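Student: Numbering (our numbering), first residue to last: 4 to 498.
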Ligand SMILES: *Cc1c(COP(=O)(O)O)cnc(C)c1O
């Protein structure tokens, strides 16, 4: 029997995995969730012997049941290949008593590559399976990393076009340079005056525009999403938690069935939700530790049961987590509401209209798998410096938020269980913030000078992704008001 996917906002909607991937978002504005979380059907002893690609098949085949073995294996082989600069794909590094799961060895040196290197293959396979004739238009809002990873994945993929909107002043200089130098005839990158939430809200409203949808259909186009609301991004992210657990076991770091904690620097709640799904599949995870920066909506939510986005949006040194509306939280809300679509819909309506919702205590009680905390800017910088000074290991700002929150968790609970920290970006992607954290004297240096300095200080080679953009030409220079997003889309499609 195929595993089906339901909308969080309408229980009558049921689609196959490939249809859920194609649609991205349900027509009612809800997110697709599997009707049940399948169990892992392989033992840790078997997993311990597997490569990343084999683990990916073991996990993903449980979720994407309408893909044939041949189709799924081909997607996996095309995604996790020499685009990654290390054969293990996601290595674990032990430092200061924790295990850093490095998810940044892909083409754009952030963890988004883990899912976005496979999404284009899943999507084009899904299109074929469902006899889609339209060209697929990927529309994406980015806080910096998704945009580049999606561009890299979809550039020049036949039958697709990709449009990326980013907040003009809300991404790091390297992130921006990576995006605006993107090649590929089917790509468009646009800066908007506004923050990430403005970009994401704009994209959601274009998705929900029924008249535009009809017009697109007539011109031979249909939208899909590369944002983490797409189930085709979430499922590949479950893989590396299973892989990390199996590697800890294989290396004798943990006993069979020993529970570990997972710390995830969180923005849109996609990565940590994948860890939650891994736990529900049966992976022995104790706490899911949700780390936020100064935009600590999630910390407040876990503490009080009240989600309140009505607050100042703070630009931090971890821009990929500068988010006040964590879209994927809706999938958790739906689940703890007992898969009650009406309840979910009401809460999400409150969020849209009032910017706030509050869950009843019966739902709040089900959040005990999670622990939330946050790191202020100074704490993030102090964590980078302290870890570098004690171990020589240099981490990026997002990972540092997680490492700081982990310290707080340990101090509060005394829990000494082995812990994996999701290391979501290479320090080379946020060189200036990282180097300033280590020593303020670096602030006087240029961006690429700093790159070389970081390379010698951390004794790591400059990643190819950085060398590539040193002298690359800017190919996208459009900056618009958020009210102009729809017009830009139509123009790019020649409509
Ligand atoms: C996207 C991103 C995050 C946040 O991940 P979510 O899945 O949105 O919670 C954290 N760190 C980095 C470097 C990212 O690019």
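Note that CB positions come from ideal geometry on N, CA and C, so glycine has one too.
The structure presented is a predicted model; accordingly, all values stated were derived computationally and were not measured.
Is residue 403 closer than 8 Å to residue 557 when the C-beta atoms are compared?
Tutor: A question about residue 557 goes unanswered here, because the residues of the chain that appear run from 4 up to 498.
Student: Note down, one range per segment and in chain order, each alpha helix (DSSP H) of at least 4 residues found wholly within the stretch 427-491.
Tutor: 434-441, 450-461 and 467-472
Student: Cβ of residue 273 within 7 Å of any heavy atom in ligand 1?
Tutor: For the purposes of this step, residue 273 is taken as the residue at position 270 of the chain shown. Checking every heavy atom of ligand 1 against the Cβ of residue 273, one is found closer than 7 Å.
Student: Return the first residue and the last residue of the alpha helix (DSSP H) that residue 353 is part of.
Tutor: Walking along the chain shown from the start, residue 353 turns up at place 350. 344-357 is the extent of the alpha helix (DSSP H) around residue 353.
Student: Could you check the C-alpha separation between residue 145 and residue 483 for me, to the nearest Å?
Tutor: Against the chain shown, residue 145 aligns to sequence position 142. Against the chain shown, residue 483 aligns to sequence position 480. Rounded to the nearest whole angstrom, the C-alpha separation of residue 145 and residue 483 is 15 Å.
Student: In the structure shown, what three-state DSSP assignment does residue 21 receive?
Tutor: In the chain shown, the residue the question calls residue 21 occupies position 18. Residue state, collapsed to three classes: helix.
Student: What first and last residue would you give for the alpha helix (DSSP H) that runs through residue 332?
Tutor: Position 329 of the chain shown, counting from 1, holds the residue named residue 332. Here the alpha helix (DSSP H) through residue 332 covers 332-339.
Student: Do residue 156 and residue 120 have their C-beta atoms within less than 8 Å of each other?
Tutor: If you number the chain shown from 1, residue 156 lands on position 153. If you number the chain shown from 1, residue 120 lands on position 117. Yes, they are a contact pair.
Student: Helix, strand or coil for residue 1? Go by DSSP, reduced to three states.
Tutor: This structure leaves residue 1 out entirely; the chain is present only between 4 and 498.
Student: Relative to ligand 1, is the shortest distance from any of its heavy atoms to the C-beta of residue 270 smaller than 7 Å?
Tutor: Locating residue 270 in the chain shown gives position 267, counting from the first residue. Relative to ligand 1, the nearest heavy atom lies less than 7 Å away from the CB of residue 270.
Student: Since residue 263 is in the beta strand (DSSP E), which residue starts that stretch and which ends it?
Tutor: The residue labelled residue 263 in the question sits at position 260 within the chain shown. Segment 263-268, the beta strand (DSSP E) holding residue 263.
Student: Check whether the Cβ of residue 143 sits closer than 7 Å to any heavy atom of ligand 1, and report yes or no.
Tutor: Residue numbering aside, residue 143 sits at position 140 when the chain shown is read from its first letter. It does not: the Cβ of residue 143 is nowhere closer than 7 Å to a heavy atom of ligand 1.
Student: Express the C-alpha separation of residue 455 and residue 101 in angstroms, rounding to a whole number.
Tutor: Your numbering for residue 101 matches position 98 in the chain shown. Your numbering for residue 455 matches position 452 in the chain shown. Residue 101 and residue 455 have their alpha carbons spaced roughly 27 Å apart.
Student: Give a single yes or no on whether residue 539 has its beta carbon closer than 7 Å to a heavy atom of ligand 1.
Tutor: With the chain covering 4 to 498 only, the question about residue 539 has no answer from this structure.
Student: Residues bridged to residue 135 by DSSP?
Tutor: Sequence index remark: in the chain shown, residue 135 carries index 132 (1-based). Answer by DSSP bridge pairing: none, since residue 135 is not bridged.
Student: In terms of alpha-carbon separation, which member of 302, 195, 129 and 221 lies closest to residue 227?
Tutor: For the purposes of this step, residue 227 is identified with residue 224 of the chain shown, where counting begins at 1. Among 302, 195, 129 and 221, the Cα nearest to that of residue 227 belongs to 129.
Student: Cβ of residue 88 versus every heavy atom of ligand 1: is any distance shorter than 7 Å?
Tutor: Counting from one through the chain shown, the residue named residue 88 turns up at place 85. The answer is no for residue 88.
Student: Quick check: does the Cβ of residue 149 come within less than 7 Å of any heavy atom belonging to ligand 1?
Tutor: For this step, residue 149 is matched to residue 146 along the chain shown. Checking every heavy atom of ligand 1 against the Cβ of residue 149, one is found closer than 7 Å.
Student: Given this structure, state the Cα-to-Cα distance separating residue 160 from residue 123, to the nearest angstrom.
Tutor: Position 157 of the chain shown, counted from the start, is the residue given in the question as residue 160. Position 120 of the chain shown, counted from the start, is the residue given in the question as residue 123. Going from the Cα of residue 160 to the Cα of residue 123 covers about 8 Å.
Student: Measuring straight from C-alpha to C-alpha, what distance separates residue 199 and residue 432?
Tutor: Reading the chain shown from its first residue, position 196 is the one you call residue 199. Reading the chain shown from its first residue, position 429 is the one you call residue 432. Looking at the two C-alpha atoms, the distance is approximately 18 Å.
Student: Given a cut-off of 8 Å, decide if residue 329 and residue 272 are closer than it, judged by their beta-carbon atoms.
Tutor: Locating residue 272 in the chain shown gives position 269, where the first residue counts as 1. Locating residue 329 in the chain shown gives position 326, where the first residue counts as 1. Going by C-beta atoms, residue 272 is nearer than 8 Å to residue 329.
Student: Of the residues 307, 220, 29 and 107, which one's Cα is nearest the Cα of residue 496?
Tutor: As a working note, residue 496 is residue 493 in the chain shown. The shortest C-alpha separation from residue 496 is found at 220.
Student: Short of 8 Å in beta carbon distance, which residues of its chain neighbour residue 343, apart from the five on each side in sequence? Order them along the chain.
Tutor: Taking the chain shown and counting its residues from 1, one reaches residue 343 at position 340. 337.
Student: If you draw a straight line from the C-alpha of residue 276 to the C-alpha of residue 417, how long is it?
Tutor: In the chain shown, the residue the question calls residue 276 occupies position 273. In the chain shown, the residue the question calls residue 417 occupies position 414. Roughly 25 Å separates the two Cα atoms.
Student: Tell me the DSSP secondary structure of residue 309 in three-state form.
Tutor: To locate residue 309, count along the chain shown from 1; it is residue 306. Here residue 309 sits in strand by DSSP.
Student: For residue 68, name the three-state secondary structure that DSSP assigns.
Tutor: Here the question's residue 68 lines up with position 65 in the chain shown. Residue 68: coil per DSSP, three-state reduction.
Student: If I follow the unbroken alpha helix (DSSP H) through residue 181, where does it start and stop?
Tutor: One-based indexing of the chain shown puts residue 181 at position 178. First-last of the alpha helix (DSSP H) with residue 181: 176-183.
Student: On the premise that residue 168 lies in contact with residue 193, defined as a C-beta separation below 8 Å, what is that separation, rounded to the nearest angstrom?
Tutor: Within the chain shown, the letter at position 190 stands for residue 193. Within the chain shown, the letter at position 165 stands for residue 168. Yes, they are in contact, since the Cβ atoms of residue 193 and residue 168 sit about 5 Å apart, within 8 Å.
Student: Is there contact between the stretch 30-42 and the stretch 7-20, where contact requires at least three CB pairs shorter than 8 Å?
Tutor: yes
Student: Can you tell me which of the three DSSP states residue 386 falls into?
Tutor: For the purposes of this step, residue 386 is taken as the residue at position 383 of the chain shown. If DSSP states are grouped into helix, strand and coil, residue 386 belongs with the helices.
Student: What residue does the alpha helix (DSSP H) around residue 193 start on, and which one ends it?
Tutor: As a position in the chain shown, residue 193 is number 190, starting the count at 1. From DSSP, residue 193 is part of no alpha helix (DSSP H) but of the beta strand (DSSP E) over 190-196.
Student: With a threshold of 8 Å on Cβ separation, who are the neighbours of residue 412 within its own chain once the five nearest residues in sequence on each side are excluded?
Tutor: Position 409 of the chain shown, counting from 1, holds the residue named residue 412. 264, 266, 290, 292, 374, 376 and 418, listed in sequence order.
Student: Of all the options 113, 310, 21 and 32, which has the alpha carbon lying nearest to the alpha carbon of residue 78?
Tutor: As a working mapping, residue 78 is identified with position 75 in the chain shown. Minimum Cα distance to residue 78 is reached at 21.
Student: Is any heavy atom of ligand 1 found at a distance shorter than 7 Å from the C-beta of residue 434?
Tutor: Within the chain shown, numbered from 1, the residue matching residue 434 stands at position 431. No.
Student: Does the distance from the CB of residue 104 to the CB of residue 423 come in under 8 Å?
Tutor: Locating residue 104 in the chain shown gives position 101, counting from the first residue. Locating residue 423 in the chain shown gives position 420, counting from the first residue. Yes, they are a contact pair.
Student: Within a Cβ cutoff of 8 Å, which residues of the same chain sit near residue 324, ignoring the five residues on either side of it in sequence?
Tutor: Working through the chain shown from its first residue, we reach residue 324 at position 321. Excluding positions up to five away in sequence, the list reads 146, 268, 269, 270, 295, 296, 298, 401 and 404.
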